[in-house]
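Structure, as C-alpha cells:
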Amino acid sequence: MSDPNNYTIGWISAIEIEYIAAQAFLDERHKGPRQVHKNDENFYTLGRIGNHNVVITVLPRGDNGVAAAAMAAKDMMHTFPNVRVCLMVGIGGGAPSKRHDIRLGDVVVSIPTFSERSGNLGGVVQYDYGRTIQKRCFQGARYLNQPDKALRNAANGLSAKYKSEGNNIDTVINDILAKNEKLRKEYSRPDPDSDKLYSSDPVQTSGTDEDLASELVQRPKRSEKEDNPAIHYGLIASADGFMEDAQIRDILAEELDVLCFEMEAAGLMNSFPCLVIRGICDYSDRHWFKEWRGYAAMTAAAYAKALLEMVPAREVNTMQTISDLVPPDLMERARNFIAPLWGSNKKDAVPVPVIAEPKEVQTKDRSKDQPYQMLPTQPAMEQPSTLGGVDPEETQSKDSGKDRLYQMSPTQPTVAQSPIMGGVEFKETLGRDRGIWQESQDYQMPPNQTATMPPATNGFTSGQTEIKHVYIAVMGVTGAGKSSLISLCTGKNVKIGHNLESCTADVEDVEFMLNDHVCVHLIDTPGFDDTSRSDVEVLQNIALWLKESFEQGTKLSGIIYLHRIIDVRMAGSTLRNLSMFKKLCGEEAYSSVVLATSMWSQVDETTGAQRERELIETKKFWGYMHDKGSKIFRLNQTRESCLGIIKYILSLGSTTLLELQDEIVNQGRQIEDTEAGVQLNEDIIHEREKHQAELVALKAQMQEEMAEHDAELQRALREEYDELKENIRRSVEEQAKLKQDLKDVHERKERELLELKKQMEAERKKYDENQKRQAEEDAKRAQEDARRVKAWAEHRQTPLHLAVQDGKADLVESLLMQGDNIEAQDTNGKTPLHLAVLKGNLDMTKLLLDRGANIEAKKDEGRTPLFNAVCNGNEDMAKLLLTRGADIEAPEFENWTALHVMAANGRKEMVKFLLDHGANIEPTTNVGGTPLGLAIEKNQEDVAKLLLNRGADIDMKQRKNSWTMLHLMVDFGTADMVNFLIDHGANIEAKLVNGCTPFGLAIERGKEDMAKLLLNRGADINMKQRKDGNTSLHLMVERGETDMVKLLLDHGANIEAKNDISNTPLGLAVELGKINIANILLNRGANIKARQRNDGVTSLHLMAEFGKLDMVEFLLDHGADIEAKSKKGHTPLSYARDFKKVDVIELLLDHGARA
C-alpha cells in the first residue's frame, strides 16, 4: 500500500466522467493509501504525473456544489497531510463573447488576468445564482483568493510555450484513446458540426430544426494555424446552481469578463491554494451537448497534466502544506457548512429548510411538500409523547390559550406559525446528469401573516451573503440532556455524561449552520448540582460568560431549560437549580425561555403526562414562568425535535437581557449582590446551619456511645463527624468565593488555562521525544541500499547525489574514485554540484570543482550553480564560483539572468553584489526586458535607484515594439512610478515604433489623470503621435472620443495642427462624419476654411467630391467658402461636377455657387 505522506498534489473531480479522465493521464498508477483518516469518506486513486505524486478523488455520487467540494478537500487534507497544491479539474459551461471565441472542448484556467471592464483580477468569483437570475444582473458574494504562485508561474510558462509551439492537447488525447478502446466512444472529440452556439435573444428551449437553425450564431471555423482546443485564462464564476440562462450569461460576460460557469470552485478557492481548470462542454444556456462532456473532461485533464509537468518538484516541496495554510477551525467549519444539508449521516439525509424570498403569486399546493412546520397543539398531557403527528380529536380541547404547547410535525399539512418555517420545499433536480437536492427559492407567506419578517429574521432571505449569528443558552441539571441536545443539533461529538459528573467543564460555545444564512451558537452551561465543582463556581462561570459576551455585543435570542421527565418529583438539587435559573433570568426574560422535558422514551405516556401537568400547574415549578410567556416543549432523541425548539426561538425575532447581565453590567453589582447571588448565599447559610445542628447532635451521640465502648460505631461516628466539619468548612469557603470579583475569577481561569496548556505541552514534548527516538532507531535499521533504490526510482538520484546531499565528503571521494558520473542529473536536472550549492556547503562545492564538475551545468529551468547561489542570497558561495570562472551572465528560462531575477524580486544586496562583480547592467530577456525595467514594473524603487546610480539607461527599450519604461508605467503602473522615472531623467517624449509618446499613450488609453500628470511635467500636447503626423487631437477626433477632445482643447492643444497630408482636426472630423466633434471644434474656434490636403482643397471640396450631402450642408451652414479654390483653381462645384454628384451640385447652386 502507498504512504499518504508521499503525495503533494491533490486533484478533485466533481463527477465520474471527470474522475475517469483524470486517471487516464496518470504516468503511473499506485496502490491505494496505507491508511485513511477515520473521518475521511472520500475514495482515492493514487499515481504519478511527471515528478509529482498525485492523489485524485471524486465527490460522492449525487453530491455537488461548493459545500461538497469543500468537504472533499477537507477530508483529503486529513489523510494526505503533505498535499501542497490542489487542482479542481473537470467540465464547465462556457461564456463566449466578442472578446473571447470560446468553443466546445476549449479549456478555461482560473489564472488571474486583469480585466479593463471589471477592474478586477480574475480567477474565481463566487456569485449568488438565485439573486442573479432574479435581478438579471451580477449579485456577487466575493472575489476569491489567487492560486499559488508556483501554479501561476507554470501556467505563464505553459502559455508562452503554447503560443510559440502550439498546444498538442488533441494529439495527446488521441494517443491515450488509441491505447484504451473502452474510452473512445464517450471521450473522443465529437463532430465539429455539433458545436452550435444559439442566440441569447430570445432563449430557445425547444422547437423544430428550422426554428433552432434560425437562432444559430454563425462562427467561422478555426484555421489549421489556430489551436483547437484553445486555452483561455481569466475569470470563472462559481455558484451553487447551473447557469442555464444565456441572457444572464451574456450580462455577466460583459460586466465581469467571465469566461466560464461552474459549481464547485468557490468551496475551495478562499481557503485552499487551488487552481480551477474547466473543459467547456456547453454554453451555459438551455442547450446541453452531452456528447461533448467526455472530450471536455479530457481536454481539462490534459492541460492539468501539462501544467504539472511545468511545475518543478523542488518548488512544490518548499511550499507550505495546505493543512498548515488553512485556519485551524476551517476543517470543522467546512463540515458544519454542509452538515445541515446532509444531516448527521449522509445516508440518512434530512433536508433542512432555509428562509426563502417571498413570492407574490403562488399557485402550487405546497402543503404536502413542506417537510417541517411549527404546529400549535394542546397541552402535553393530552398529546401523544412522540412527534409523529396530532390526534385531530384532541385538538378540539377547550384549553386553547396559554396552555398551548409546541411540537414539531414532519407531516402535518397545517399553516406554518413562523416565517422561518413556512413555504419551504425541496425538489430533486437533475443537472448535467448529476442527481442533486436543491432548495426551492419559492416562498409564500402564510395567509395569517404579513410580508414583514420579524426583526430576528430580517436579512435571512435567500441569496444574502451575510451570515446571521444567533446565540441560545442551554441550561438545566446535570444529566438533563444538554450535551445530547447540542450534539443532535450540530452533528458534532459533544461529550455526553452518563454518571454523576458533568461533562460540561465550563461554558462552551458550540456553533452550527442552520442554513446558508443562519449560524446558531448553542451555549452549553454546567448545572448547579455538578459534583465536580461547587454552585459558586458554576454561578461564577456562567456570570463571567454572560458579562463578557454582553460587553462584546453578544445577545441571547433565547434560553432552553431542560428537565428530565423521568424524575419522580422536583425537589432538592433539582428545585434549587430551577430557583437559581429563575433568579438568573429574571421575569423580563421569561418570554424568551423554552422549558423542555427530555427522556420521554424512558417513561410511559400516562406517567410522563401526569408529571408534565404537575410541572405546569405548580407555580413554584414551571407554572409562574409559563404564565409569563415561557413555552413548553417535549424533546425526544431526534434532530427534528431539537431543531424545532431552535426555530421557535428564531421565530420570536428578538434578543433578551438576563437579570444577571443587567445587575452585573448595567447596575455594577458584584455577584454576591445579585438576585442569584443572594439566593445562593442564603442556600449556603441554610446548609451550614443545618450541618452545624447535625454536628451538635452528633457530638451528643458520640458522648453517649463512648460509654458503650463500641469501637466500630465510634469510628463510623467520627467519620461522619469529620465529614460534617468538612462540609461546614466548604460552606465558609464558598461564601468567601462568592465575594470574589469577576475580574479575579477571570484571572484565576486564565491561570488554570495556562497551567493546563503547560501540562499539555509537556505531554506533547514527551510524546515527540519518544517518537523521535523511535524514528532514529528505525532509521538506523534502514538499509542504505534501499534508500538509494528509492532515490533513483523517484528522482533518478545517484548515490553521489545522496552523498553530496548528506555532506559526506569521504563517501563522495570514494564514489568518484569508483567512477560515479559527476555530471549525473536527477529528474529536475540537478547535478551533484547543484545540490552542494543549494545546501550552501562550500567545502563540498570546492571538492566537486576540484574533481572537474561542470561549473556551468544547467538544471531543467536553465539555472547554473552560480544562479542558484545568487537566488539563495549566498554571497560566499557566489564568490567561490566566480573565482572558479562561473559565467555571471549565464541565462535561465526566457533568457533571464541572475540580475533580472534579483532586480524583479527587490533583492538590493544581491543586485549590488552582481554589479560589483561585473554583471552586465543592460542584459535583455526574450521580450526585451532589462533589470531596470523589471525593477520598475515590480515597484522595486530602491533597486531601481541603485541601477540608475550605476548607469542603467532609463530610456532603454523594454519591449520589441520599442516601449520604454515610461510607456509601460503610463499604461500599467502608478503615478508614483511615472513621477519617479521623470524625476530620474526619463525622456518624456520618447516614441514607440508607431510614433506614440507616453502622453499620447495616456490619451489613447483614456487615462485623464495620467495625461494631466505628464502635461504638468512638461509633455508636449502637440507632439506628433503617429508616423503620418497625427497629433493626439487628431487621434481622439478620429476615434470619436468627445471627452478626450475637450480635455486636449482645455489644455491648449493646437486646434489647427496639421498631419502629413495637411488635415486639421476639424477636417478629419468632417471627413469621418463626426458632426458632434466638428461642432465642438468650431465652437472652440477651428477654421472651417482651412486647407485640408497638400493640393489646397478645403473640407467643402472633399465633401463635394465624396457626395456627402449632409456634410456639405453642415459646412455651408457654418460659413464654409463656397467659392474656395484649390491650388489648381477648382471650386467645390467643379469637384461635384467632375465626380457627377448631382445632389451636391443642386445644393451648391441653391446656396449661390457660381456656375
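Under full-length UniProt numbering, the residues of the sequence shown are numbered 1 to 1155, in order. C-beta atoms are modelled at their ideal positions from N, C-alpha and C, and glycine is treated no differently.
Item	Value
Within a Cβ cutoff of 6 angstroms, which residues of the same chain sit near D1143, ignoring the five residues on either side of it in sequence?	L1109
With DSSP as the reference, label T1031 as helix, strand or coil.	strand
Measure the C-alpha to C-alpha separation of T478 and N666 and round it to an integer number of angstroms.	30 angstroms
Could you check whether the stretch 508-523 touches the stretch 601-620, counting it as contact only if at least three pairs of C-beta atoms, one from each stretch, sit closer than 8 angstroms?	no
Check each candidate in N895, E909 and R851 and name the one with the smallest Cα separation from V870.	E909
For G1119, which residues of its own chain have a beta-carbon under 7 angstroms away from its beta-carbon, when the five flanking residues on both sides are left out?	I1088
So who's on the other strand from N53, going by DSSP bridges?	R48
So M1044 packs on I1003, CB below 8 angstroms; how close in whole Å?	6 angstroms
Excluding the 5 residues preceding and the 5 following N1022 in the sequence, name in chain order all residues of the same chain whose CB lies nearer than 7 angstroms to its CB.	T1031, A1053, N1054 and A1057
Would you mind working out which of Q692, G279, N905 and N51 sits nearest R729, comparing C-alpha positions?	Q692
In the structure shown, what three-state DSSP assignment does K1024 receive?	strand
Is DSSP giving L1049 helix, strand or coil here?	helix
For E689, does the count of other Cβ atoms within 10 angstroms reach 16, so buried, or fall short, so exposed?	exposed
What distance in whole Å lies between the Cβ atoms of N5 and P81, which are believed to be in contact at a cut-off of 8 angstroms?	7 angstroms
Between A1086 and L1066, is the Cβ-Cβ spacing less than 8 angstroms?	yes
Less than 8 angstroms between C-beta atoms, sequence neighbours within five positions excluded: which residues of the same chain meet that for V203?	Caution applies to V203, whose pLDDT of 43 falls short of 50 and renders its modelled position unreliable; the value that the coordinates give is listed next. Hits under 8 angstroms: D245, A246, Q247, D285 and R286.
Distance check for I1075 and D1020, CA to CA, integer angstroms please.	27 angstroms
Would you mind sorting I15 into buried or exposed? The rule is 16 or more other CB atoms within 10 Å of its CB.	buried
Roughly how many angstroms lie between the CA atoms of L1147 and K1125, to the nearest whole one?	18 angstroms
Report yes if the C-beta distance between I632 and V603 is below 8 angstroms; otherwise report no.	no
So, with DSSP's three-state summary, where would you put G608?	helix
How close, in whole Å, do the beta carbons of R314 and N828 come, if the pair is a contact with beta carbons under 8 angstroms?	6 angstroms
So, at 6 angstroms on beta carbons, what are the nonlocal neighbours of A230 in its own chain, with the 5 sequence-adjacent residues on each side left out?	D106
Measure how close the beta-carbons of residue 1156 and H984 come, nearest whole angstrom, since I'm counting them as under 8 angstroms.	The requested residue 1156 does not occur in the structure, where the chain is confined to residues 1 to 1155.
In terms of alpha-carbon separation, which member of A857, R959 and S591 lies closest to W622?	S591
Relative to the C-alpha of H626, which candidate in N868, E587 and V316 has its C-alpha closest?	E587
Could you name the residues that DSSP lists as bridge partners for C86?	G10 and C274
Any idea if T429 is buried or exposed, counting beta-carbon neighbours within 10 angstroms, 16 or more meaning buried?	A caution first: T429 carries a pLDDT of 30, below 50, which makes its placement in the model too unreliable to give a value.
So P998 packs on L1033, CB below 8 angstroms; how close in whole Å?	About 16 angstroms separates the two Cβ atoms, so there is no contact after all.
Starting from T883 and walking both ways along the alpha helix (DSSP H), at which residues does that stretch end?	E875 to T883
Could you check whether I91 and R249 sit closer than 8 angstroms to each other, using their CB atoms as the reference points?	no
Which of the three DSSP states, helix, strand or coil, is assigned to C642?	helix
Determine the extent of the beta strand (DSSP E) in which A596 is found, giving its start and end residues.	V593 to S598
Take the Cβ of T974 as the centre, count every other Cβ of all protein chains shown within 10 Å, and call the residue buried at 16 or more, exposed below.	exposed
Quick check: I472 and V520, are their CB atoms within less than 8 angstroms of each other?	yes
Going by DSSP, which residues form a beta bridge with C260?	G94 and I236
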